[in-house]
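Working notes for the structure below.
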Amino acid sequence: MERPTLSPSRPILIPSTSITGSLEVTPPYHRAYPPILSSYGVSSKEFMAIVDALNIALAEPAPFKAMEVAGDGLGFVPNEIAQGVSLGLGLAAGTGTAATAYFRERKVLERVNRDIFAPKGLVMKTLKDEEVMQRLNTTAKSLDPLQRLQEISPHVEALSFDVEPPVRHSNMLDRISAKQAAIKQADKEKKKHKKQERRLQKREKAADKFDRPIGSIDEQYNSDVEGRIEIEVKIARLEDRVAEINIKAEEKLIESSEKKVGEIEKKRRKDLEAVERDRVRLMEKHTKATAKVNKKAEKKDEKDEKKVAKLEWIMIRTT
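Dropping the structure here:
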């Protein structure tokens, strides 16, 4: 049976684990294997070695500052992969510090493409999110890299996250870099989880306070959203007030004489007019509160758009 091959219009995409600030190095990429690579003779173990090499290349250079590293411009190499090919991470000879993460990453990609992917008619690149979306002619809304991947899944090859654990590197500097990257990523995940927990707790409290299902509470719940909901609750109470006024008037009409009917109806109209004035006032406040919430949401969307533009992806496609 003919084995599946990569379609020019359906590349392999693997996102980095988070989105960084402009002055930070790229965070590590998710450790995942595209099963379609087995058709090209690249196993899960071999591909994980490539991803791990990239992640080491992207590690911050702090561990290297404490020691001199001399060499021929290729520096140290991680474990050998794919038929004995090793990946030079490109340390600047004799500088005592690592070259930029970008330079190290380019070195890894250059070696991987030359020795592994190019002979198979494939190319591996790293791209920014904007270019990825342009190439796929699609968009995604989520800021979470994996959720973003899920959104574009109809346009990309499937991934398996059931992969081999990282191999212990024989080179001490590799181990330091890998450990440093892992610690930093774990810290980011912990902070992200705590932030999500706090947000959920706020929404749960709001749901209890206003007797609403949690699904109706805005995920970005804040004081402005709370103010808008409080106005909505007051508007809803006015409907109860209208019903109460009418019930009382009807009860009095049953018991009253014809002479009292006009007086009762006059009071009913007066009370209903007062409720209507309150409703108009609250609706105006609700309109302003909604506009304020929407304006902040638009600003957040703009900020998120700029933020997600920094997301990095590994792309493997046909040449």
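The opening residue of the sequence shown carries number -17 in this note's numbering; numbering runs sequentially from there.
For every residue, glycine included, the Cβ atom is placed at its ideal position computed from N, Cα and C.
Per-residue burial, residue i [other beta carbons within 10 Å of its own, 16 or more giving buried]
| i | result |
| --- | --- |
| GLU237 | exposed |
| HIS175 | exposed |
| THR120 | exposed |
| SER135 | exposed |
| SER124 | exposed |
| ASP111 | buried |
| GLU186 | exposed |
| PHE99 | buried |
| ILE229 | exposed |
| ILE32 | buried |
| ASP34 | buried |
| ARG(-15) | exposed |
| SER142 | exposed |
| LYS281 | exposed |
| TRP295 | buried |
| ARG86 | buried |
Where residue i sits in the DSSP three-state scheme
| i | result |
| --- | --- |
| GLU179 | helix |
| PRO136 | helix |
| PRO17 | helix |
| LYS241 | helix |
| GLU(-3) | Before going on, a small fix: residue -3 reads as Pro here, not Glu. In this structure, PRO(-3) counts as strand in the three-state DSSP scheme. |
| SER124 | coil |
| TYR84 | helix |
| TYR22 | helix |
| ARG259 | helix |
| ARG251 | helix |
| ARG(-8) | strand |
Sequence-distant residues of the same chain with beta carbon closer than 7 Å to residue i, five excluded per side
| i | result |
| --- | --- |
| LYS278 | ASP206 |
| TYR22 | LYS102 and LEU104 |
| ALA189 | PRO195, ILE196 and ILE199 |
| LYS216 | LEU264 |
Where the beta strand (DSSP E) containing residue i begins and where it ends
| i | result |
| --- | --- |
| LYS110 | 104 to 110 |
| GLU146 | Note, GLU146: premise wrong, no beta strand (DSSP E); not H, not E. |
| GLY294 | Going by the sequence as given, residue 294 is Glu instead of Gly. Residues 294 to 300. |
Contacts around residue i, its chain only, beta-carbon distance under 6 Å, and the 5 residues preceding and following it disregarded
| i | result |
| --- | --- |
| PRO(-10) | THR300 |
| SER26 | TYR15 and VAL145 |
Residue i - containing alpha helix (DSSP H), residue span
| i | result |
| --- | --- |
| ARG96 | Where ARG96 is concerned, there is no enclosing alpha helix (DSSP H), given that its DSSP letter is neither H nor E. |
| LEU(-12) | Here LEU(-12) belongs to no alpha helix (DSSP H), and DSSP marks it neither H nor E. |
| GLU28 | 26 to 40 |
Residues near residue i by beta carbon distance below 8 Å, same chain, minus five either side
| i | result |
| --- | --- |
| LYS285 | none |
| ILE246 | ALA231, LYS234, LEU235 and SER238 |
| field | Start-end ranges of the alpha helix (DSSP H) lying completely within the segment 177 to 217, minimum 4 residues | value | DSSP runs (the alpha helix (DSSP H)) wholly in the segment 177 to 217: none.
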